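A short worksheet on the structure shown next.
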Amino acid sequence: MSEDQRITKSFDFAADVTKQLIALSTAIISLCVAFTDKIFSSSAAQSHSTVLLIALLFFVASIIFGIFTLMALAGHLGRPKQKTSTDAQPLQEEQPENHQPGQQINTQTAQSPIYNGNVRFFSMWQMTLFVAAIIVAMVYVWKASSTPVETPSPIKGTEKYMKVIRVSDYSIENSRVKDTLFIDPRPNQ
């Protein structure tokens, strides 16, 4: 495989990884938006919604850095080739031992441009944010699933049950109000 083919392949693989992470992030955000009513159906999930919001923001940031990575890769592909020289115009630097007359010599080493600073910077941040988003999303799932579900408590002297829906603290009156729902375990007869 020639050096140009190897560099072209490295661009292809770098672009493919970037596109895959963008696609996965977009799919996860789309699923979260589509199933918002199912995700936040329990009070435990609602109480930890900030954690999910942070995960979604990390996914959005990963998409943005992925787009910047693709732009940086495209910018390197659009650059003109590096300057070369022939034996008629000798280089200031030492020529390699296996150099043949008339053969062109690169003035720089043939390192793939995907290792340049701007490509590595954007790519590293895209991958880091994607992994962080996955970890934060898993923390959300763990917190939402490990929070105990509130069960109705029985009302003394009756067969009815009471479930607290919401507790409101008012700072003006220094009082606490509980909104409750009464549940009769037996259907109306």
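801 is the number that this note's numbering gives to position 64 of the sequence shown; each next residue is one higher, with no gaps.
Even glycine gets a Cβ: it sits at the ideal position worked out from N, Cα and C.
Since the structure is predicted, the reported quantities are computational estimates derived from the model, not experimental observations.
Taking Arg-743 as the centre and dropping the five residues before and after it, the same chain places no C-beta closer than 7 angstroms to its C-beta. Taking C-beta separations shorter than 6 angstroms and ignoring five residues to either side along the sequence, the partners of Phe-802 in its chain run Phe-859, Trp-862, Gln-863, following chain order. When secondary structure is reduced to three states using DSSP, Met-808 falls in the helix class. Here Ser-762 carries a helix assignment [DSSP, helix/strand/coil]. Only buried fits Tyr-877, as 16 or more other CB atoms lie within 10 angstroms of its CB.
In the structure shown, Asn-853 adopts coil according to DSSP, grouped into three states. The criterion of a C-beta distance shorter than 9 angstroms is not satisfied by Phe-777 and Ser-767.
Between the C-alpha atoms of Asp-749 and Trp-879 there is a straight-line separation of about 37 angstroms. Phe-796 carries a helical assignment under DSSP once its states are collapsed to helix, strand and coil. Counting of Cβ neighbours within 10 angstroms places Ser-739 among the exposed residues, the total staying below 16. Residue state for Phe-858 is assigned as helix, using DSSP reduced to three classes.
If the five residues before and after Ser-762 are omitted, its C-beta is found closer than 8 angstroms to the C-beta atoms of Phe-796, Val-797, Ser-799, Ile-800, Gly-803, Phe-867, Ala-870, all from its own chain and listed in chain order.
If you ignore the 5 residues before and after Ile-765, its C-beta comes within less than 7 angstroms of the C-beta of Phe-796, all in its own chain and listed in chain order. Phe-805 and Ser-784 have their C-alpha atoms spaced approximately 34 angstroms apart.
In summary, Val-770 is exposed, with fewer than 16 beta-carbon neighbours lying within 10 Å of its beta-carbon over all protein chains present.
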